[in-house]
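Participant:
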Amino acid sequence: AHREAPLRLTVDLEQCTVAESDTLVASFEIDAFRKMCLLEGLDRIGLTLRQAEAISLFEQQRWPNRSEAATESL
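In this note's numbering, the protein residues as written are 88 to 161.
1. Only counting the same chain, and skipping five residues up and downstream in sequence, which positions put a Cβ closer than 6 Å to that of Thr-104?
2. If you draw a straight line from the alpha carbon of Arg-95 to that of Thr-110, how long is it in whole angstroms?
3. Report the partner residues of Glu-101 according to the DSSP bridge assignment.
4. Using the Cα positions of Leu-144 and Arg-121, report the straight-line distance between them to the nearest angstrom.
5. If we ignore side chains and look at the alpha-carbon of each, how far apart do Gln-147 and Arg-131 end up?
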């Protein structure tokens, strides 16, 4: 039985192309935000953790006595 070679595709997310060798190249569109997340390996948790400093600052400003109150209850 004759076996065909497996199809090999190259996906270039930065250039938004899919290629089979150098002869057949197709372009595709992707939302800029999703593209950035994929390129940087970010999921929703990773995106949130990128803002950890801003979140902490907000919490300190919003609830300035929160850490003291939590310590006092122990």
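Glycine included, C-beta positions come from ideal geometry on N, C-alpha and C.
Facilitator: In short, the structure shows the following:
1. Closer than 6 Å at Cβ, skipping near neighbours: Val-112, Ser-114.
2. Those two C-alpha atoms are separated by around 13 Å.
3. Within the DSSP secondary-structure output, Glu-101 pairs in no beta bridge.
4. Leu-144 and Arg-121 have their C-alpha atoms roughly 27 Å apart.
5. Distance from the CA atom of Gln-147 to the CA atom of Arg-131, rounded to whole angstroms, is 23 Å.
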